[in-house]
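Below you'll find the structure, written out as structure tokens, and then a few comments.
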Amino acid sequence: MDNKNRFIIIVSAFSLLIMMSTVTFFIFEDIVKIFNMDEIVTLSWRTFTIFFSYHFLLYFCIIPVYYVLSLRMPKNNNMFIKYLLLISVFGLILSIPISWYFDYKFKSLGYSVCYKLSWNAPSKYVKDTKLCN
Numbered sequence: 009m010d011n012k013n014r015f016i017i018i019v020s021a022f023s024l025l026i027m028m029s030t031v032t033f034f035i036f037e038d039i040v041k042i043f044n045m046d047e048i049v050t051l052s053w054r055t056f057t058i059f060f061s062y063h064f065l066l067y068f069c070i071i072p073v074y075y076v077l078s079l080r081m082p083k084n085n086n087m088f089i090k091y092l093l094l095i096s097v098f099g100l101i102l103s104i105p106i107s108w109y110f111d112y113k114f115k116s117l118g119y120s121v122c123y124k125l126s127w128n129a130p131s132k133y134v135k136d137t138k139l140c141n
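Here it is in structure tokens:
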């Protein structure tokens, strides 16, 4: 592998890592708001899916860099992939029931659900309906 290809792989992996970390930062911010019961809470099943899948995606950003620098794969690569994939699939399966649970919990605590522009938009829960705007 020549230096040009190594450089492209490393830059691509770090670019993907930066984009993924930015998205995950906002997801973690939403999760903190959920558990702190803030005035305005945004909730979606995608939040929990990304939360559980982050580790799997992070591993796939680190592996190309490791391979390019050491020219070999990590020792327990298949084991890591198997367990991280298991966590991701487990999170994907549980994300919808977790979302339903928090929907029930917020409604029972007196939160109001704001109007959504589309069926695909995340639910926004507020303590006062004036905060919907």
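With the sequence shown counted from 1, adding 8 to any position gets you my numbering. Glycine included, every Cβ here is placed at the ideal spot set by N, Cα and C. Keep in mind the model is a prediction, meaning the values are calculated, not measured.
- request: Could you have a look at SER23 and say whether DSSP puts it in helix, strand or coil?
  value: SER23: helix per DSSP, three-state reduction.
field: Inter-stretch contact (C-beta, 8 Å, three-pair minimum) for the stretch 42–55 and the stretch 73–90
entry: Verdict: no, contact absent.
field: Residues bridged to THR50 [DSSP beta-bridge criterion]
entry: LYS132
field: Buried or exposed (CB count within 10 angstroms, at least 16 for buried), ILE101
entry: exposed
- prompt: With a Cβ-Cβ cutoff of 8 Å, do SER120 and THR137 count as a contact?
  reply: yes
- prompt: Taking the continuous alpha helix (DSSP H) assigned at LYS138, which residues delimit it?
  reply: Neither: LYS138 is in no alpha helix (DSSP H) and is coded neither H nor E.
task: Identify, in the order they occur along the chain, each residue of the same chain with its Cβ nearer than 7 Å to the Cβ of ARG14, setting aside the five sequence neighbours on each side.
output: VAL76
- prompt: Are PHE64 and ILE18 close, meaning C-beta to C-beta below 8 Å?
  reply: no
query: For CYS122, which residues from the same chain have a beta carbon less than 7 Å from its beta carbon, with the 5 sequence-adjacent residues on both sides left out?
result: LYS132, VAL134 and CYS140
Backbone CA spacing between LEU93 and PHE60 [nearest angstrom]: Using only the alpha carbons, I get a separation of about 10 Å.
query: Exposed or buried, THR30, counting other C-beta atoms within 10 Å across all chains shown (16 or more means buried)?
result: exposed
query: By the 10 Å Cβ neighbour count, where 16 or more other Cβ atoms means buried, how is LEU79 classified, buried or exposed?
result: exposed
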